[in-house]
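Data block below; observations after.
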Amino acid sequence: MQKRWSGTKTLSWLFAITLLGLGGCAAPQYDAQTDKLISTLQSDVDTQLVSLISLDHKIAGLKGSSDSTSQKALAEATTKAGYDANSGFYDKIDVELTSLALRVDAAPNDSTARIDVAIKALRDNLLGRDIKGSLQNVHLASGVLDESYLTSEQGILNTQFQALLTYELVLKNGSDGAASTPAKPATTAN
Amino acid sequence: MAVDWSKVSTQIMNALVGVLAKDWKTVEPAASAQIAALVQIGQTIEAKRATMTSSEYEGLRISQQRAMEGILASYAAITIVVAEQAAAAAWSVIAQALKTAYALPFIP
Chain A
1 MQKRWSGTKT LSWLFAITLL GLGGCAAPQY DAQTDKLIST LQSDVDTQLV
51 SLISLDHKIA GLKGSSDSTS QKALAEATTK AGYDANSGFY DKIDVELTSL
101 ALRVDAAPND STARIDVAIK ALRDNLLGRD IKGSLQNVHL ASGVLDESYL
151 TSEQGILNTQ FQALLTYELV LKNGSDGAAS TPAKPATTAN
Chain B
191 MAVDWSKVST QIMNALVGVL AKDWKTVEPA ASAQIAALVQ IGQTIEAKRA
241 TMTSSEYEGL RISQQRAMEG ILASYAAITI VVAEQAAAAA WSVIAQALKT
291 AYALPFIP
């Protein structure tokens, strides 16, 4: 998986540098709470995807068995992997995404508008019963999500999370004055 | 006949250059990473073509396009409209390659 998305790190740094290099009146500042919100959201999403992948594995393994124990286990796994059993997850990340967006918008700066675009893209990829292509929308339509879909989606979402996390890391390093920082926030705050 | 993903990768780059024109050089490193991600998704679709549903295919198409749009639109020089056009052009290369090789029912 790590090799599969090997370009992500470079991409994330570039994304962060771009966001920081916008010039203007208010310099973005590192915010530990924003960083924590992104990390928590990423962790919750990844945990859920891994769980769904595991369930799909289990379902695939049980499909070939006809004994009653296996059939019962298959029915249970299918229910657990279904949308209804996981609707609480979508509610939870809805709250987390809203908290993140509010936190980012609470202290507007040069990068806020573009960070908002990135968060909106992430939200649309995760949530929305009626938003085509969102995880929630596909889960509703498919019932049980296939491992290949989940793995690909995990990779796509991780590129988005990594870009946001790297942005925060660049801000943090800038705040700490780290010598290895590839780009520092603008210092011309009004 | 299997898809030649190396050729597809070049075609995606050419499609992006066609849309982004002079801004290509600015976004090239980031776009190159996205091209690699796109090719990986194309290969997954190819491998799972027998079982993949149309909603799963559409889900991957749309979310990958959104992710690419978000990255490209983070560049001050690139508008959201151009980012959308670039992401759509890139995916159309993947779709065409898969469609030509396999005539998959879930690719319009």
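As you go down the protein sequences, you meet chains A and B in turn.
Position one of the first sequence corresponds to residue 1 (the working numbering), numbered consecutively onward.
Position one of the second sequence corresponds to residue 191 (the working numbering), numbered consecutively onward.
Here a beta-carbon is modelled for each residue, glycine too, at the ideal position from N, C-alpha and C.
G133 of chain A sits in coil when the DSSP states are folded into three classes, being neither helix nor strand. For the beta strand (DSSP E) assignment, the segment 212–284 of chain B encloses no uninterrupted run of at least 3 residues.
In this structure I53 of chain A is in contact with T151 of chain A, their Cβ atoms being roughly 7 Å apart against a cut-off of 8 Å.
Rounded to the nearest whole angstrom, the CA to CA distance from R256 of chain B to S43 of chain A is 21 Å. Between Q224 of chain B and M191 of chain B a beta carbon distance of about 26 Å is seen, past the 8 Å cut, so the two are scored as non-contacting.
In the structure shown, G82 of chain A adopts coil according to DSSP, grouped into three states.
By alpha-carbon distance to I119 of chain A, the top candidate from A:Y149, A:K63, A:T34 is A:T34. At a cut-off of 8 Å between beta-carbon atoms, T243 of chain B makes contact with chain A. Ranked by Cα distance from S196 of chain B, the first of B:I284, B:T290, B:A279, B:I297 is B:I284. Considering only beta carbons, the part of the segment 136–167 of chain A lying closer than 8 Å to chain B consists of N137, V138, A141, S142, L145, D146, S148, Y149, T151, S152, E153, G155, I156, L157, T159, Q160, A163, in chain order.
Under the 8 Å Cβ criterion, the segment 123–140 of chain A counts as touching the segment 154–174 of chain A, having at least three qualifying pairs. Under the Cβ criterion of 8 Å, D124 of chain A is counted among the residues facing chain B. A distance below 8 Å between beta-carbons, with the five flanking residues on each side excluded, links A240 of chain B to no residue of its chain. Residues of the segment 198–218 of chain B with a Cβ closer than 7 Å to any Cβ of chain A: none.
Scanning chain B for C-beta atoms nearer than 7 Å to the C-beta of K132 of chain A yields E248, I252, reported in chain order. Counting C-beta pairs with one atom in each stretch, the segment 129–143 of chain A and the segment 243–255 of chain B have three or more that are closer than 8 Å, which means they touch. With 16 or more neighbouring CB atoms inside 10 Å of its own CB, P28 of chain A falls in the buried class.
A residue is called buried once 16 or more other Cβ atoms fall within 10 Å of its Cβ, and D56 of chain A is buried on that count. When C-beta atoms of the segment 55–72 of chain A are compared with those of the segment 98–107 of chain A, fewer than three pairs fall below 8 Å, so the two segments do not count as touching.
Ranking A:G82, A:A75, A:S70, A:K92 by CA distance to the CA of L37 of chain A puts A:K92 first. A Cβ-Cβ contact shorter than 8 Å links Q275 of chain B with V209 of chain B. For G61 of chain A, the enclosing alpha helix (DSSP H) begins and ends at 32–62. For the 8 Å CB-CB criterion, A205 of chain B and A263 of chain B do not form a contact. Rounded to whole angstroms, the Cβ separation of T79 of chain A and A85 of chain A is 6 Å, and the two are in contact under 8 Å. Taking C-beta atoms as the reference points, A287 of chain B and G232 of chain B count as a pair closer than 8 Å.
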